[in-house]
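> Here the sequence shown is numbered in our numbering, starting from 1 and rising by one per residue.
Take this structure, written in C-alpha cells, and hold onto it; I'll ask about it next.
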Amino acid sequence: MSKYEYIPKSLPGGWVMEVRKGSSCKGNIRKNRVTGRYQFYRGAYNVIRPMLEELDLESLKESIEKSNL
Numbered sequence: 001m002s003k004y005e006y007i008p009k010s011l012p013g014g015w016v017m018e019v020r021k022g023s024s025c026k027g028n029i030r031k032n033r034v035t036g037r038y039q040f041y042r043g044a045y046n047v048i049r050p051m052l053e054e055l056d057l058e059s060l061k062e063s064i065e066k067s068n069l
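In C-alpha cells, the structure reads:
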C-alpha cells in the first residue's frame, strides 16, 4: 500500500494542497473561505462538490486515509 503525500501549492485566489498516493493524484484539499473548514475534492480537477470536510487539516487527512482512495 502506498503512502499518501500532501503537497502544498499556492494558486491565485487561494491555497490548495494536492493529495497523492504513489504517482497518482487522488484529489485536492482547499480551505473554505466562508466557514474556515478544510474540504477534500476527489479527482485532479474537481472543484464542484467536496467529498469530505473537517474543521482541522489533520482530521481531514485522517479521514482521507481511512477512506482508502
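The beta carbon of each residue, even a glycine, is placed where N, CA and C say it ideally should be.
#1: Taking only three categories from DSSP, how would you classify Ile48?
#2: According to the neighbour-count rule (16 or more other Cβ atoms, all chains shown, within 10 Å of its Cβ), is Ile29 buried or exposed?
#3: Comparing C-alpha positions only, which one of Ser24, Lys26, Leu52 sits nearest to Glu37?
#4: Compare the C-alpha of Glu18 against each of Ser24, Pro12, Tyr6 and name the closest.
#5: Taking the alpha-carbon positions, what's the Pro8 to Val16 distance?
Let's see:
#1: To locate residue 48, count along the sequence shown from 1; it is residue 48. Three-state DSSP puts Ile48 in coil, outside helix and strand.
#2: For the purposes of this step, residue 29 is taken as the residue at position 29 of the sequence shown. So Ile29 ends up on the buried side.
#3: Start at 1 with the first residue of the sequence shown, and residue 37 comes out as number 37. The sequence shown places Arg at residue 37, rather than the Glu named in the question. Taking only the C-alpha atoms, the option nearest Arg37 is Leu52.
#4: Counting from 1 along the sequence shown, the entry for residue 18 is found at position 18. Measuring from the Cα of Glu18, the nearest candidate turns out to be Tyr6.
#5: Here residue 8 refers to the residue found at position 8 of the sequence shown. Here residue 16 refers to the residue found at position 16 of the sequence shown. Near 6 Å, if we compare the C-alpha coordinates of Val16 and Pro8.
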